[in-house]
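Structure, as structure tokens:
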Amino acid sequence: MFTCPLCHASLSEKPKSYACPQGHQFDKAKEGYVNLLPVQFKHSKQPGDNAEMMQARRAFLEAGHYQTLRQRVADLLEKFLPEQASAVVDIGCGEGYYTAAFAEVALARGAKTCGLDVSKIAIRYAAKRYPDVTFCVASSHRLPFADASLDAVIRIYAPCKAEELARAVKPGGCVITVVPGPRHLMQLKGLIYDEIQLHATEREALAGFTLTEEIQLAYGMTLNAEHAVALLQMTPFAWRARPEVWVALSAVEAFDCETDFYIRVWQRDS
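In our numbering, the protein residues as written are 24 to 293.
Below, the structure is given as structure tokens:
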């Protein structure tokens, strides 16, 4: 499935590595994933989420609080994935919770599924649990896939250049994106900020794609203390939470919080 991140030639899979005709080689980790993020492309020593964030994410997701979102996106993938598909990619896959559901849909079409994330720790977690998915450490801004080779890309919160998506997705293929709606996690933000700002609702635009479906998905959650703390650890504003916020969340019996998502399906122009 992969191309070389250094010279962009196709990578051939060997039992313990991937290699290109120019001699660049990338070893498989014992968990089965491959690291396609050369050091010169890293912005930090350990980019992406750390182990603590991954453990919090897994605890929260495994409790089923985002199961409704996962199922809705999987249903859309089943609807828009071509019958003769060969490759599905989950960008910013984290520890693989969503990827595993997408892989079930892809397998029914005879397609392979790849999970991609910049976090080596996240990919290690994912590869250990979901051996039927191919995982790689790579940049979402330099996708290690050939031109017009992907039937579907799912992007839940993850950044990715529209030009890269247009390059890698086949004509007629699809990209499914998930972004926060205006009221997403309002109650959690209210514990941290003096003035709550609604998420911006500017229209997305993906050059080379046509928006074919848009859904706003919103529902309430009631969380126990463990899952409330885990949710905060998952968020990009966790570092702004004062110590007393962490203490208060860890002591709650029930914490009510809203979700709000925009799910959009984009089809690659012919």
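We put the beta carbon where it would ideally sit given N, CA and C, even for glycine.
Under the rule that a run must span 3 or more residues, the beta strand (DSSP E) segments found entirely inside the region 134-166 read 135-140, 157-160. In this structure, DSSP gives LYS37 a state outside helix and strand, which the three-state scheme calls coil.
Beta-bridge pairing by DSSP links ILE177 to ASP113, ILE199. When DSSP states are grouped into helix, strand and coil, ALA251 belongs to the helix group.
The beta carbons of PHE49 and LEU254 sit no closer together than 7 Å.
Taking a 10 Å sphere around the C-beta of PHE260, we find fewer than 16 other C-beta atoms and assign the residue as exposed.
Relative to GLY243, the option among VAL252, THR282, ILE215, SER33 whose CA is nearest is THR282.
Sequence-distant partners of LEU173 (beyond 5 residues in either direction) whose C-beta falls short of 7 Å from its own C-beta, in its chain, are ALA110, VAL112, ALA191, VAL192, LYS193, GLY196.
Judged by DSSP in its simplified three-state form, LYS184 adopts coil rather than helix or strand. Excluding residues up to 5 positions away in sequence, VAL111, THR136, TYR153, ASP155, VAL156 lie with their Cβ nearer than 8 Å to the Cβ of ALA126 in the same chain. With respect to CYS280, GLN220 sits apart: the two C-beta atoms are not nearer than 7 Å. The distance from the Cβ of ALA169 to that of SER40 is about 19 Å, inconsistent with a contact at the 8 Å cut-off. As DSSP reads the structure, TYR242 sits in a beta bridge with THR282. For LEU130, the secondary structure class from DSSP, reduced to helix, strand or coil, is helix.
Within 10 angstroms of the beta-carbon of VAL160 lie 16 or more other beta-carbons, which makes it buried.
ALA230 places its beta carbon 7 Å or farther from that of ALA181. Looking at the DSSP output, ASP50 shares a beta bridge with SER40. The C-alpha of ALA131 lies about 19 Å from the C-alpha of GLY119.
A residue is called buried when at least 16 other Cβ atoms come within 10 angstroms of its Cβ; ILE238 does not meet this threshold and is exposed. For THR91, the enclosing alpha helix (DSSP H) begins and ends at 90-103. THR233 is classed as exposed because its beta carbon has fewer than 16 other beta carbons within 10 Å across all chains shown. Under the three-state reduction of DSSP, LEU60 is assigned to coil, being neither helix nor strand. Taking the C-beta atoms as reference points, LYS151 is found nearer than 7 Å to GLU54. Rounded to whole angstroms, ILE199 and ARG93 show a C-alpha spacing of 12 Å. GLN256 and GLY213 have their C-alpha atoms some 15 Å from each other.
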